[in-house]
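**Q** Residue numbers for the sequence shown follow the UniProt record's numbering, so the first one is 1 and each next one is one higher. From the three backbone atoms N, C-alpha and C, an ideal C-beta is built for every residue, glycine too. Bear in mind the structure is a predicted one, so any value in this text is a computation, not a measurement. Following this message is one structure expressed as structure tokens.
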Amino acid sequence: MSNNFSESEERRELRKAVAKLAGKYGREWFTEKARAGEKTTELWLEIGKNGYLGINIPEEYGGGGGGIGDIAAVCEELSAVGCPLLLMVVSPAICGTIISRYGTEEQKRRWLPGICDGTSTMAFAITEPDAGTNTHNITTTARRDGDEWVLNGRKIYISGVDEADNVLVVARAEDARTGKVKPVLFVVPTDAAGFEYKAIPMEIVSPELQFQVFLDDVRLPSDAIVGDEDGGLVQLFAGLNPERIMAASFSTGLARYALAKAAAYAKERTVFQGAIGSHQAIAHPLAQCHIETEMARLMTQKAAALYDAGDDMGAGEAANMAKYAAAEAACHAADAAVQTHGGNGITQEYGVAGLLVATRAGRIAPVSREMILNFVAMHSLGLPKSY
Numbered sequence: 001m002s003n004n005f006s007e008s009e010e011r012r013e014l015r016k017a018v019a020k021l022a023g024k025y026g027r028e029w030f031t032e033k034a035r036a037g038e039k040t041t042e043l044w045l046e047i048g049k050n051g052y053l054g055i056n057i058p059e060e061y062g063g064g065g066g067g068i069g070d071i072a073a074v075c076e077e078l079s080a081v082g083c084p085l086l087l088m089v090v091s092p093a094i095c096g097t098i099i100s101r102y103g104t105e106e107q108k109r110r111w112l113p114g115i116c117d118g119t120s121t122m123a124f125a126i127t128e129p130d131a132g133t134n135t136h137n138i139t140t141t142a143r144r145d146g147d148e149w150v151l152n153g154r155k156i157y158i159s160g161v162d163e164a165d166n167v168l169v170v171a172r173a174e175d176a177r178t179g180k181v182k183p184v185l186f187v188v189p190t191d192a193a194g195f196e197y198k199a200i201p202m203e204i205v206s207p208e209l210q211f212q213v214f215l216d217d218v219r220l221p222s223d224a225i226v227g228d229e230d231g232g233l234v235q236l237f238a239g240l241n242p243e244r245i246m247a248a249s250f251s252t253g254l255a256r257y258a259l260a261k262a263a264a265y266a267k268e269r270t271v272f273q274g275a276i277g278s279h280q281a282i283a284h285p286l287a288q289c290h291i292e293t294e295m296a297r298l299m300t301q302k303a304a305a306l307y308d309a310g311d312d313m314g315a316g317e318a319a320n321m322a323k324y325a326a327a328e329a330a331c332h333a334a335d336a337a338v339q340t341h342g343g344n345g346i347t348q349e350y351g352v353a354g355l356l357v358a359t360r361a362g363r364i365a366p367v368s369r370e371m372i373l374n375f376v377a378m379h380s381l382g383l384p385k386s387y
């Protein structure tokens, strides 16, 4: 990002290209696929074929050699045309980043090319039924057995397992020197013996499903570990900051889509005298939502720039703020879009009511707004820890 707070010409051209590509599909196609229980594989593969899916991954492994800001831009533009792809957050951004940073050369060559071209996706499993966002309470265990590792545990709300060839699982192993447990990252094939998953019925309209995952004595070779066995939380958070940046872009894209729909309707819909958009009761909420969205986009760009510059601590604060601001902006925009449409706003024909649930998820996942407020209160304001 340049010092005049605008993106580079290259980034702007990337946005235009992605928007044009995704525009061939559009929201109606996306929701039809989701309601029919079908996947958006065609769009996913075309994004990969054009080099956008792995744009943040090094060129030697099939990627574009860009940064998290580039993949976040792709994510936002997809959402802005009504085709938000949740696995963009998971496969190239979280898993691709962690493997690029900490994987062995063999691991990078094994897994990154498929992530880049879309022919192989990787899910990410951290959340557990009794741990929620508390990483320290993860109970999925990993124990050594000769030259192998054995995993046991349960994960919940894991996106896109049915589409993934592998899952990057966060487990806890015992440190032989201290006896304490430590987080370790394992790549688990979805066809591994003892690995099972079950879909969770959701109200949200999305082609990407959520799953419970069960690991019962899943045996893995020693090279299934990504990074240093003793790397701990540093390696894990290498993927969580990009996750928050991507979640922010996911939300700002949805906000832009909602506002575009609302503004178009407000210009065309006539009640009493003139278009309804001429009335401040309609215009002001939409203008306010636009301001909130642009502020969230700017904070997201800041977070991405800090992350790409290697400032992990600064990026962590900015990424949390961006995710919070973007989710709030998206929720407000979706609500304003429905209100602008009046009764039409709750019909399937106009396609805005579904955004209420889609945007609301951003306040909860991948980390709740309350936990972000805890983080900001403690780390930014220096207040006593509350959890």
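What residue ranges within the stretch 8-63 form continuous beta strand (DSSP E) runs of no fewer than 3 residues, ordered along the chain?
**A** Listed in chain order, nothing qualifies, since the stretch 8-63 has no complete beta strand (DSSP E) run of 3 or more residues.
**Q** Compute the beta-carbon to beta-carbon distance between Met-246 and Ala-93, rounded to the nearest angstrom, for a pair I have assumed lies under 8 Å.
**A** Position 246 of the sequence shown, counted from the start, is the residue given in the question as residue 246. Position 93 of the sequence shown, counted from the start, is the residue given in the question as residue 93. Yes, they are in contact, since the Cβ atoms of Met-246 and Ala-93 sit about 5 Å apart, within 8 Å.
**Q** Within the same chain, show all residues whose beta-carbon is closer than 7 Å to that of Leu-220, passing over the 5 residues directly before and after it, in chain order.
**A** The sequence position of residue 220 within the sequence shown is 220, counting from 1. So the qualifying residues of the chain are Glu-148, Trp-149, Leu-151, Phe-186, Val-188.
**Q** Please state the DSSP three-state secondary structure of Thr-300.
**A** Numbered from its first residue, the sequence shown carries residue 300 at position 300. Correct three-state label for Thr-300: helix.
**Q** Which residues in the same chain as Ala-325 place their Cβ atom closer than 6 Å to its Cβ, once the five residues preceding and following it in sequence are excluded?
**A** Residue numbering aside, residue 325 sits at position 325 when the sequence shown is read from its first letter. Hits under 6 Å: Ala-296, Met-299.
**Q** Quick one: what's got a C-beta closer than 7 Å to Ser-2's C-beta in the same chain, skipping five residues either side?
**A** Translated into positions along the sequence shown, residue 2 becomes position 2. Here Ser-2 scores only 49 on pLDDT, less than 50, and its place in the model is too uncertain to base an answer on.
**Q** Here's the rule I'm using: 16 or more other beta-carbon atoms within 10 Å means buried, otherwise exposed. How should Leu-235 be labelled?
**A** Working through the sequence shown from its first residue, we reach residue 235 at position 235. For clarity, residue 235 is Gln in the given sequence; the question names Leu instead. Buried, because 16 or more other Cβ atoms sit within 10 Å of the Cβ of Gln-235.
**Q** Quick check on Gln-273: buried or exposed, where buried means 16 or more other Cβ atoms within 10 Å of its Cβ?
**A** Working through the sequence shown from its first residue, we reach residue 273 at position 273. Exposed, since its Cβ has fewer than 16 Cβ neighbours within 10 Å.
**Q** Can you give the Cα-Cα distance for Val-90 and Cys-289, rounded to whole angstroms?
**A** As a working mapping, residue 90 is identified with position 90 in the sequence shown. As a working mapping, residue 289 is identified with position 289 in the sequence shown. So the alpha carbons of these two residues sit roughly 27 Å apart.
**Q** For Leu-215 and Pro-84, what's the separation of their Cα atoms in angstroms?
**A** Position 215 of the sequence shown holds residue 215. Position 84 of the sequence shown holds residue 84. So the alpha carbons of these two residues sit roughly 29 Å apart.
**Q** Between which two residues does the alpha helix (DSSP H) containing Tyr-257 stretch?
**A** Counted from its first residue, the sequence shown places residue 257 at position 257. Taken as a continuous stretch (DSSP letters only), the alpha helix (DSSP H) holding Tyr-257 covers 233-268.
**Q** Quick one, which of Met-122, Arg-101, Gly-118 has its alpha-carbon nearest Gly-51's?
**A** Position 51 of the sequence shown, counting from 1, holds the residue named residue 51. Here the closest residue by C-alpha is Gly-118.
**Q** According to DSSP, simplified to helix, strand and coil, what is Val-213?
**A** In the sequence shown, the residue the question calls residue 213 occupies position 213. The answer is strand: DSSP assigns Val-213 an E or B state.
**Q** Work out the CA separation of Arg-244 and Pro-384 for me, nearest whole Å.
**A** Taking the sequence shown and counting its residues from 1, the one referred to as residue 384 is at position 384. Taking the sequence shown and counting its residues from 1, the one referred to as residue 244 is at position 244. Whole-angstrom Cα-Cα distance: 24 Å.
**Q** For the alpha helix (DSSP H) that contains Lys-108, what are its first and last residues?
**A** Working through the sequence shown from its first residue, we reach residue 108 at position 108. 105-117 is the span of the alpha helix (DSSP H), which, as asked, contains Lys-108.
**Q** Can you name, in chain order, every residue of its own chain whose Cβ lies under 8 Å from the Cβ of Asp-70, other than the five neighbours on each side?
**A** Taking the first residue of the sequence shown as position 1, residue 70 is located at position 70. Only Arg-11, Leu-14, Ile-55, Asn-56, Gly-64 meet the Cβ criterion.
**Q** Within its chain, find whatever has a CB closer than 8 Å to the CB of Val-226; leave out the 5 residues flanking it on each side and keep chain order.
**A** If you number the sequence shown from 1, residue 226 lands on position 226. So the list reads Ile-98, Ile-99, Tyr-102, Gly-103, Gln-107, Leu-168, Leu-185, Phe-186, Val-187, Gln-235, once near-sequence residues are dropped.
**Q** Just curious, the alpha helix (DSSP H) that Met-122 is in, first and last residue?
**A** As a working note, residue 122 is residue 122 in the sequence shown. No alpha helix (DSSP H) holds Met-122; the beta strand (DSSP E) holding it covers 122-125.
**Q** Assuming Glu-268 and Ala-329 form a contact by the criterion Cβ under 8 Å, report the distance between their Cβ atoms to the nearest whole angstrom.
**A** Counting from one through the sequence shown, the residue named residue 268 turns up at place 268. Counting from one through the sequence shown, the residue named residue 329 turns up at place 329. That belief does not hold up - the Cβ atoms of Glu-268 and Ala-329 are roughly 24 Å apart, past 8 Å.
**Q** What is the C-beta distance between Val-161 and Ala-123, in whole angstroms, given that I count them as a contact (C-beta under 8 Å)?
**A** The count along the sequence shown starts at 1 and reaches residue 161 at position 161. The count along the sequence shown starts at 1 and reaches residue 123 at position 123. Confirmed, about 5 Å.
**Q** Take Thr-141 as the anchor and find which of Gly-114, Glu-105, Val-181, Ala-336 has the nearest alpha-carbon.
**A** Counting from one through the sequence shown, the residue named residue 141 turns up at place 141. Cα-wise, what sits closest to Thr-141 is Val-181.
**Q** Report back the beta-carbon spacing between Ala-327 and Gly-362 to the nearest angstrom; my notes put them in contact at under 8 Å.
**A** Residue 327 sits at position 327 when you count from the first residue of the sequence shown. Residue 362 sits at position 362 when you count from the first residue of the sequence shown. Going by Cβ atoms, the distance from Ala-327 to Gly-362 rounds to 4 Å, so yes, they are a contact pair.
**Q** Any idea if Ala-304 is buried or exposed, counting beta-carbon neighbours within 10 angstroms, 16 or more meaning buried?
**A** Along the sequence shown, read from residue 1 onward, the residue named residue 304 stands at position 304. Buried is the call here.
**Q** Among Met-371, Ile-204, Leu-112, Ala-80, which has the Cα closest to the Cα of Leu-259?
**A** Along the sequence shown, read from residue 1 onward, the residue named residue 259 stands at position 259. Comparing Cα positions, the closest option is Ala-80.
**Q** With H, G and I counted as helix, E and B as strand and the rest as coil, what does DSSP make of Ala-131?
**A** Here residue 131 refers to the residue found at position 131 when the sequence shown is read from its first residue. In this structure, Ala-131 counts as coil in the three-state DSSP scheme.
**Q** Between which two residues does the beta strand (DSSP E) harbouring Ala-142 extend?
**A** Position 142 of the sequence shown holds residue 142. Run containing Ala-142: 141-145, per the beta strand (DSSP E) assignment.
**Q** Residues in its own chain within less than 6 Å of Tyr-197 by CB, not counting five upstream and five downstream?
**A** Counted from its first residue, the sequence shown places residue 197 at position 197. Same-chain partners within the cutoff: Val-161, Phe-211, Val-213.
**Q** To which residues does DSSP link Tyr-197 through a beta bridge?
**A** Counting from 1 along the sequence shown, the entry for residue 197 is found at position 197. Tyr-197 pairs with Val-213.
**Q** Select from Trp-111, Pro-183, Val-367 the residue whose C-alpha is nearest the C-alpha of Ala-171.
**A** If you number the sequence shown from 1, residue 171 lands on position 171. With distances taken between Cα atoms, Ala-171 lies closest to Pro-183.
**Q** If I measure Cβ to Cβ from Ala-322 and keep anything under 8 Å in the same chain, skipping five residues before and after, which residues do I get?
**A** Indexing the sequence shown from 1 puts residue 322 at position 322. Arg-244, Ile-245, Ala-248, Ala-296, Met-299, Thr-300, Lys-302, Ala-303.
**Q** Helix or strand or just coil, what does DSSP make of Leu-381?
**A** Looking up residue 381 in the sequence shown gives position 381. Three-state result, Leu-381: coil.
**Q** Beta carbon of Ala-199, beta carbon of Leu-209: below 8 Å?
**A** Translated into positions along the sequence shown, residue 199 becomes position 199. Translated into positions along the sequence shown, residue 209 becomes position 209. Against a cut-off of 8 Å, the Cβ pair of Leu-209 and Ala-199 comes out as a contact.
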